[in-house]
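This report concerns only the one structure given below.
There are 2 protein chains.
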Amino acid sequence: MGRPRTPLLDRARITTTALELVDEQGEFSVPQIARRLGTQTGSVYHHVDGRDGIVELMRERICEAIDSRTLDLEPWDAALAAWARSYRAAFAAHPRVIPLLTTSPVRAPKVLEQYERAVGLLLGAGFAVADVMPVLTGLENLVLGSALDLAAPETMWELPEDSPTPQLARALTAVGAGRADAAFDVALEGLIGHARTLLGTPAPDDRDHAP
Amino acid sequence: MGRPRTPLLDRARITTTALELVDEQGEFSVPQIARRLGTQTGSVYHHVDGRDGIVELMRERICEAIDSRTLDLEPWDAALAAWARSYRAAFAAHPRVIPLLTTSPVRAPKVLEQYERAVGLLLGAGFAVADVMPVLTGLENLVLGSALDLAAPETMWELPEDSPTPQLARALTAVGAGRADAAFDVALEGLIGHARTLLGTPAPDDRDHAP
DNA sequence: ACCTGAACACCGTTCAAGT
DNA sequence: ACCTGAACACCGTTCAAGT
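For the record, the sequence lines run as chains A and B. Quick note on numbering: the first sequence equals residues 0 to 210 in numbering that gives the first Met the number 0. Quick note on numbering: the second sequence equals residues 0 to 210 in numbering that gives the first Met the number 0.
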């Protein structure tokens, strides 16, 4: 007992284990993490700021996969679109984590930094300060919603066998992963079109919208 | 002890109490409900299908405030916009409940019924089957995201005092409730514009519902 | 049918005690 | 500094026992 020569736990391994648990079960608990890592529950608290801290670590880990260089692209709408795509891909890798991220506030410096740069991008493009967060929040909603939909479309709807909702059933079975991609693309273009409206600059017809 | 002359509990009172708790705390538990209603925890289970059942009851209660007659309006895009507005208003009344609704699947018949009618509206307008759910899901994301943002904008962001993210801080303080309304309106118009695009150029391989 | 009271397995969090 | 082991207050759920 007592302190081991080499630490049994560290933040990285706690994060990885939590992510594994959520990927498998859609949930995690501190005792479960401790069990998988062969330690006592209390030990985890020496490395991490409680359960909420673990959630924040997962957010950080997932957001590391976002390519922030996309924010350097020009013009601003190409940068925003590329950022959104990378953002979505990162979350689509761990869709079951998303519900955990809507409750707790964003604290991770690396994540805040990305948003800081995104804000700078929009301000630099000439957006009014008050318009920036609505656009970015809309983008975030779109990204998270579509990532959730991409990998877990069936979990959101539970239809009875003798369906009194035949049209809904038809519509649900008609959607696939490829369709979700297409829907994301067009919805993203819609949002950016909305942003152009706010900016007051109409979209040129000859602009290339392809990724 | 034993069975009382008149029941101490019923589904409506359980739902109301759960809603009160979530409005106050952002959370609820079965023992808390029982305590407020002056009964034992176990008694609640005689009226309700577990904790998840209570969540579903809250969803149902909230969705009762949605005006489904909006779906009878013409043309289809006016109906969809009015439905979205009513939908958002209903959720904005209990924003802290929203995170609870993203995990569990939709089972409530009355809610399914509304979606059934919305599907019918879009199919009747000539949408391809595969396009219907992306549009409705996008609408749902927009509604829930904006309702959440409307009444709890500060909870999603926790900036340190000595902010290394000055632009983000500026952008956040510049947003208000009125702005959120405006953002919703334009984003909604953007989504419906996207939907019009889908209607005008349906994918040839999967359109079984030509006008 | 509906409520009690107790039980069970599980949480999140803290903390003295050890090395 | 880091882990153990035990403690605390709290969950969700079940169930015999009572009326």
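C-beta: ideal position from N, C-alpha, C; glycine also.
### Task
Determine the direct distance from the alpha carbon of G1 (chain B) to that of T101 (chain A), and round the result to whole angstroms.
43 Å
### Task
Just the chain A side, please: which residues come within less than 8 Å of P98 (chain B) by C-beta, in chain order?
P98, T101, T102
#### Entry: Where the region 135 to 156 of chain B meets chain A: residues whose CB sits under 7 Å from a CB there
Residues T136, G137, N140, L141, G144, D148, T154, M155, W156.
### Query
Can you find at least 3 beta carbon pairs, one from the region 142 to 151 of chain B and one from the region 188 to 201 of chain A, that sit closer than 8 Å?
These segments do not touch.
### Query
So is A17 (chain B) in contact with chain A if we call contact Cβ pairs under 7 Å?
no
### Query
Which full runs of the beta strand (DSSP E) of 3+ residues lie inside the region 120 to 190 of chain B, going along the chain?
none
### Query
If you drop the 5 nearest sequence neighbours on each side, which residues of the same chain put their C-beta closer than 6 Å to that of V131 (chain B)?
V118, L121, listed in sequence order.
#### Entry: I61 (chain A) versus A:G177, A:S162, A:A127, A:A17, residue with shortest Cα-Cα distance
A:A17
### Query
Just reading off the alpha helix (DSSP H) that S42 (chain B) is part of, what are its end residues?
40 to 43
### Query
Between D22 (chain A) and the rest of its own chain, which residues show a CB-CB distance below 7 Å, the 5 nearest in sequence each way excluded?
H93, R95
#### Entry: Contacts of L122 (chain B) in chain A (Cβ-Cβ under 9 Å)
Within chain A, the residues Q166, R169, A170 have their CB atoms less than 9 Å from the CB of L122 (chain B), given in chain order.
#### Entry: Contact set between H193 (chain B) and chain A, taken where Cβ atoms lie within less than 7 Å
Within 7 Å Cβ-Cβ: V185, A186, G189.
### Query
Using 8 Å as the Cβ pair cut-off and three pairs as the minimum, do the region 104 to 111 of chain B and the region 158 to 167 of chain B touch?
no
### Below-7 Å beta-carbon distance, G119 (chain B) vs any chain A residue
yes
### Query
Which residues in chain A sit within 8 Å of E112 (chain B), going by Cβ to Cβ distance?
P163, T164
### Task
Measure the alpha-carbon distance for D180 (chain A) versus A168 (chain B) and round it to whole angstroms.
33 Å
### Query
Hey, out of A:R178, A:A81, A:R58, whose CA is closest to T69 (chain A)'s CA?
Among A:R178, A:A81, A:R58, the Cα nearest to that of T69 (chain A) is on A:A81.
### Query
What separation, rounded to the nearest whole angstrom, lies between the Cα atoms of H208 (chain B) and G175 (chain A)?
Confidence at H208 (chain B) is low in this model, with a pLDDT of 43, below 50, so the placement of that residue should be treated as unreliable; the coordinate-derived value is given next. Answer to the nearest angstrom: the Cα atoms are 18 Å apart.
### Query
Excluding five sequence neighbours on each side, which residues of the same chain lie with their C-beta closer than 6 Å to the C-beta of I53 (chain B)?
Here the set comprises A17, V47.
### Task
With P30 (chain A) as the anchor, note down where its alpha helix (DSSP H) starts and where it stops.
29 to 35
### Message
For Q24 (chain A), count the other beta carbons within 10 Å of its own beta carbon; 16 or more makes it buried, fewer makes it exposed. Which is it?
### Response
Note on Q24 (chain A): under 16 other CB atoms within 10 angstroms of its CB, so exposed under the neighbour-count rule.
### Query
Expressed to the nearest angstrom, what Euclidean distance is found between the alpha-carbon atoms of S67 (chain A) and R116 (chain A)?
9 Å
### Query
Counting contacts by CB-CB distance shorter than 7 Å, is A173 (chain A) in contact with chain B?
yes
### Task
Check whether the Cβ atoms of L141 (chain A) and A173 (chain A) sit closer than 7 Å, and answer yes or no.
No; because the gap between Cβ atoms is not below 7 Å, this pair is not in contact.
### Message
With a threshold of 7 Å between beta carbons, is A129 (chain B) in contact with chain A?
### Response
yes
### Query
Can the beta-carbon of L190 (chain B) be found less than 7 Å from the beta-carbon of G137 (chain B)?
It is a contact, given that the beta carbons lie within the stated cut-off.
### Message
Under 7 Å, CB to CB, which of the residues in the region 15 to 42 of chain A have a partner in chain B?
### Response
Cβ contacts with chain B come from no residue of the region 15 to 42 of chain A.
### Message
Please tell me whether V134 (chain A) and A64 (chain A) are closer than 7 Å, where the distance is taken between their beta carbons.
### Response
no
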